[in-house]
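Take the sequence shown: its position 207, counting from 1, is numbered 302 in my numbering, and each next residue is one higher. Reviewing the structure listed below.
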Amino acid sequence: MYTSLFSHPSCIEHDTGIGHPECPERLKAVLAALEGEAFHFLDRREAPRAEVEQLARVHPVAYIERVLASIPAEGHVELDNDTILSPSSGEAALRAAGAVCAAVDAVMTGEARNAFCATRPPGHHAEIAKAMGFCLFNNVAVGAEQARKVHGISRVAVIDFDVHHGNGTQDIFQNDPGLFYASIHQAPLYPGTGFVEERGVADNIVNVPLPAMSGSPEFRHAMSSRIFPALEHFLPELIMISAGFDAHTRDPLASLHLVDDDYVWVTRKLGEFAREYCGARIVSTLEGGYDIRALASSCAAHVQELMAA
C-alpha cells in the first residue's frame, strides 16, 4: 500500500485577494515540492466534491447553503476581515472537504496506508455554524464523521500542530466522547481559545498552549508529556492530523521556532503510534503555513515521513 495524495486544481483557483496570507502560491509551492524524485511513488488522486450529506454531519444545512450562496459571480466577498470568497471558492471548499472524505475512504478500506490532502481553504477554524480564520467548512471534522458514519468505527483522534488553536474542531468535538482533539499552539494568539482547562465532555480535549519564542525542546516535550499519553489513553481507531506548518521559525504570522525536523519527528511518532494501535491508519490535511519556502520544505518533510511510516 502507498501513501495517497489528494488535491484538485480548483483549490489553487480560490482567490483571497492581493496581499492575503492564505494565497494560491501556498498550494502551488506544496505541490511543486511534492513533485521531486523522493515522491515518485505517491499515489496521486483527484479530490472529489464533498456532498451536502457529508458536510451536514458537522454543519447545519442552512449554514452550508448560506456559505455557498455567498460565493460571488465576480470579485470578492468578505465573510469577515480574514475570510474572503471569490467565484472559485465554493468549488475549492467542496473539494477540500471532499479530499478528506476520500482520503478516509482510501485508508479505511485499505486502498492506501495513509494519506495527505494538499488543499485549500483550510478548515480547523470553521465552527459548527461559523466561517472564520480563512476557513469555510471544517475539513478534518467532516472526515472524522465520514470514518464513523460510513466505516463504522467509534473513536477518531485529531492531532493539530498548527500554530493557531483549532477552535472550530474543538467546538465540534468537545461534547462527543468518541472524538478526541489535541492541539499544541502558540498563546496568546488568534483566535484566543485553546486554554488548558478546556477539556471536553470526557477529557477528550487536550490543549497545550506554548508561549511565544518556544522552539523544538518545548514542542517535543509537550507532545511527549501531554498529547501522546492522552492519545494512548483514548485508543483511536483512526488518527487524523491538522497539519499546519506556521509554527515554523520563518513564518510571519506567529513566533514559535520549529524547524523541518520537528515535523519529521512528530510525524514519525504519530506513525509509530498508528502502527501499534490503529493499523497504521493516518489521514493528514493541510491547514496553515504562510512562509512559502518554509511551508514547502516542512510539508515535503511531513509527507516523506508519512511515506516511510
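Heads up, the beta-carbon is just placed ideally off N, CA and C, and yes, glycines get one too. What you are looking at is a predicted structure, and each value in this text was computed from that prediction instead of being measured.
| Residue ranges of each beta strand (DSSP E) run of no fewer than 3 residues wholly in the region 308 to 336, ordered along the chain? | none
| task | Give the C-beta separation of leucine 274 and valine 162 to the nearest angstrom, bearing in mind that I take them to be a contact with Cβ-Cβ under 8 Å. | result | With 8 Å as the limit, leucine 274 and valine 162 do not qualify as a contact, their Cβ atoms being about 22 Å apart.
| Rounded to the nearest angstrom, how far is the Cβ of alanine 201 from that of serine 99, given a contact under 8 Å? | 5 Å
| task | Measure how close the beta-carbons of histidine 103 and arginine 215 come, nearest whole angstrom, since I'm counting them as under 8 Å. | result | So it is not a contact: roughly 10 Å between Cβ atoms.
| request: For threonine 178, count neighbouring C-beta atoms within 10 Å of its own C-beta (all shown protein chains included) and say buried if the count is 16 or more, exposed if not. | output: buried
| task | Indicate whether the contact test is met: 3 or more Cβ pairs, each with one atom in the region 136 to 155 and one in the region 234 to 245, closer than 8 Å. | result | yes
| Is the region 219 to 229 in contact with the region 384 to 401, if contact means three or more CB pairs nearer than 8 Å? | no
| task | Specify the secondary structure class of tyrosine 385 as computed by DSSP and reduced to three states. | result | coil
| message | Check whether the region 325 to 339 and the region 370 to 379 touch, using three or more Cβ-Cβ pairs below 8 Å as the test. | response | yes
| query | With DSSP run on the structure shown, which of helix, strand or coil describes valine 291? | reply | coil
| task | Starting from the Cα of serine 319, find the closest Cα among Ser379, Ile254 and Asp341 and give me that residue. | result | Ile254
| Going by Cα to Cα distance, which pick from Ala192, Ser311 and Phe136 is closest to valine 398? | Phe136
| Distance CB(alanine 338)-CB(phenylalanine 256) smaller than 8 Å | yes
| field | Cβ contact (3+ pairs, closer than 8 Å) linking the region 338 to 356 and the region 166 to 180 | value | no
| query | Of the choices Gly287, Met227 and Glu148, whose alpha-carbon is the least far from that of aspartate 175? | reply | Met227
| message | Measuring only the C-alpha atoms, how far is glycine 289 from histidine 343? | response | 19 Å
| Between Phe323, Trp360 and Glu313, which lies nearest to leucine 351 when the distance is taken from Cα to Cα? | Glu313
| field | Simplified DSSP assignment, three categories, for asparagine 234 | value | helix
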